[in-house]
Amino acid sequence: MSRPPDPKFLLRGDMDENVHSLLFSINSDVEHLYAGDGKGTVHIWDLKTNRIKYQLSDGCSPCFNLHITNKTDLIVQRRHGIIDVYKMNESNWILDKSINYEYCSFCRSQLLPENDAVLIPFDCSVVGTLSLKTFKVESTLDPSKLSYSNKLGTVMAMKSLMDVNGSVLVAYEGGQLLLWDMRKNDVLSSLTVEQYPMTFDFDASLMQGILGSASEKLEIFEMLPNHALSHKCTRFLEHVNGISILSVRPDKKIVTAGCWDGRLMLFSWKKLRPLAILKEHRASVYDIVYSQCKVEAYDTKCLMAATGKDGYISMWDIYNN
1052 MSRPPDPKFL LRGDMDENVH SLLFSINSDV EHLYAGDGKG TVHIWDLKTN
1102 RIKYQLSDGC SPCFNLHITN KTDLIVQRRH GIIDVYKMNE SNWILDKSIN
1152 YEYCSFCRSQ LLPENDAVLI PFDCSVVGTL SLKTFKVEST LDPSKLSYSN
1202 KLGTVMAMKS LMDVNGSVLV AYEGGQLLLW DMRKNDVLSS LTVEQYPMTF
1252 DFDASLMQGI LGSASEKLEI FEMLPNHALS HKCTRFLEHV NGISILSVRP
1302 DKKIVTAGCW DGRLMLFSWK KLRPLAILKE HRASVYDIVY SQCKVEAYDT
1352 KCLMAATGKD GYISMWDIYN N
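Going by our numbering, the sequence shown opens with residue 1052, and the numbers climb by one from there.
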């Protein structure tokens, strides 16, 4: 591996020591990075000045995930079972609706832009679809009829695969990865994985996914044309005891693993060749995001941001040539 670069910038401000979620908002008018912290505040960073421009402090529950919808609403998922919906009023975000779905979870919500809905975790291994029109749970993925339902445990992570017939991948505490057909509330296939899966990502162009857990293992899996999930290979990481976040870059060239010890480990996505280890963070990494387009303020076509328990956001321009 070549010597890793230094970060382009470190953002700190007055954020809480735990920053759980990040979201880029890049267009011709603004270049912003949203950061949700452990005190429930959403900090909106202006990347042209690297300063906080706005703060949204409408709750005290940690911000576990952030989404911007097709209608440009801001969705904030909070730790203690709350979804906050903000609408833009001129240049300010105004809290429009707060929905309490009464389930406390570490699992991140998933936006379903085509359905104008959000996937949220529930008790008893259930995943619900919360409509952003009615603000009601309009459907569920309920595994109670499965013979092994009592072994699934808590919903740990999920990902919408709208490019794959509107299906959803869900990872469960007991070490099962299920592919659900949302329209039929039916399981299309399953795969046994490491217990306590913490995170996974999936690339629909390669039909390949990667899963990390409370261990030193990276598990690579694939989806066959008949929708069957199949184990592909396992990579063991040295001196790693847990992986908290995995994120495949939009150009599908790189996957980054955020580890419990604060390291960011970069691999080539197709062959999982180690590329770099970034050691800027001092504690567990909670989120890794990439810009979907060029960020003029940083003069890079794809900017990577990472954050976690130490309360810093590191900004990276890496392997973009």
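Ideal Cβ positions, reconstructed from N, Cα and C, are used throughout, including at glycine.
DSSP has residue i in a bridge; who is on the other side?
i: Asn1116; result: Gln1128
i: Gly1260; result: Phe1253, Phe1272
i: Glu1245; result: Per DSSP, none; premise fails for Glu1245.
i: Gly1359; result: Val1336
i: Pro1172; result: Val1178
i: Gln1161; result: Leu1170
i: Phe1287; result: Lys1268
i: Cys1310; result: Ile1294
i: Phe1318; result: Val1306, Pro1325
i: Arg1102; result: Asp1097
i: Lys1210; result: Leu1220
i: Met1233; result: Answer is none; Met1233 lacks a bridge partner.
i: Gln1343; result: DSSP lists no partner for Gln1343.
Residues in the same chain with beta-carbon distance under 7 angstroms from residue i, minus the five sequence neighbours each way, listed in chain order, please.
i: His1278; result: Leu1230, Leu1239, Ser1240
i: Lys1268; result: Glu1245, Thr1285, Phe1287
i: His1131; result: Ser1112, Cys1155
i: Asn1151; result: Gly1132, Ile1133
i: Arg1324; result: Phe1318
i: Ser1218; result: Leu1212, Leu1230, Trp1231, Asp1232, Met1233, Leu1239
i: Asp1368; result: Lys1059, Tyr1349, Thr1351, Leu1354
i: Met1421; result: In the structure as shown, the chain starts at 1052 and stops at 1372, and residue 1421 therefore has no counterpart that could be examined.
If residue i sits next to residue j, beta carbons under 8 angstroms apart, how far is it from one beta carbon to the other, in whole angstroms?
i: Met1073; j: Tyr1085; result: With the sequence shown as reference, residue 1073 is identified as Leu, and Met is not the correct amino acid for it. About 7 angstroms; that satisfies the 8 angstroms criterion.
i: Ser1160; j: Gln1128; result: 4 angstroms
i: Leu1183; j: Asp1167; result: 5 angstroms
i: Gln1342; j: Pro1058; result: According to the sequence as given, residue 1342 is Ser; it is not Gln. Not confirmed; about 15 angstroms, so no contact.
i: Leu1125; j: Trp1144; result: 6 angstroms
Is residue j closer than 9 angstroms to residue i when the C-beta atoms are compared?
i: Tyr1038; j: Phe1075; result: Lying before the first or after the last residue shown, residue 1038 is absent from the chain, which here runs from 1052 to 1372.
i: Gly1087; j: Cys1114; result: yes
i: Trp1320; j: Val1299; result: yes
i: Ile1273; j: Ser1264; result: It is Glu, not Ile, that sits at residue 1273 in the sequence shown. Taking 9 angstroms as the Cβ cut-off, Glu1273 and Ser1264 do not qualify as a contacting pair.
i: Ala1255; j: Gly1309; result: no
i: Met1233; j: Ala1208; result: no
i: Phe1253; j: Leu1212; result: yes
i: Tyr1337; j: His1071; result: yes
i: Lys1303; j: Tyr1370; result: no
i: Val1346; j: Glu1082; result: yes
i: Met1258; j: Leu1242; result: no
i: Asn1121; j: Pro1164; result: yes
i: Ile1119; j: Cys1344; result: no
Can you list, in chain order, the residues of its chain whose CB lies under 6 angstroms from that of residue i, leaving out five sequence neighbours each side?
i: Gly1179; result: Ile1171, Phe1173, Val1188, Thr1191
i: Asn1101; result: Phe1060
i: Ser1266; result: Glu1245
i: Tyr1105; result: Ile1095
i: Leu1329; result: Pro1055, Leu1315
i: Asp1214; result: Ala1255
i: Tyr1363; result: Leu1061, Arg1063
Can you find the residues in the same chain that come closer than 8 angstroms, C-beta to C-beta, to residue i, ignoring five residues on each side of it along the sequence?
i: Thr1205; result: Ser1156, Cys1158, Pro1172, Ser1176, Tyr1223, Glu1224
i: Asp1361; result: Glu1068, Gly1313, His1332, Arg1333, Ala1334
i: Lys1202; result: Gly1225, Gln1227
i: Phe1251; result: Ala1208, Lys1210, Leu1220, Ala1222, Leu1228, Gly1260, Ile1261, Leu1262, Gly1263, Leu1297
i: Gly1064; result: His1094, Trp1096, Arg1102, Ile1103
i: Thr1092; result: Met1066, Asp1067, Gln1106, Leu1107, Ser1108, Cys1114
Determine, for residue i, whether the minimum Cβ-Cβ distance to residues of chain D falls below 9 angstroms.
i: Ala1348; result: Any reference to chain D falls outside this structure, which holds one protein chain only.
Check your understanding: Any contact of the region 1151-1160 with the region 1190-1203, i.e. 3+ C-beta pairs under 8 angstroms?
Key -> no
**Study point:** contact_flag[the region 1302-1313, the region 1331-1342] where n(CB pairs < 8 angstroms) is 3 or more
**Key:** yes
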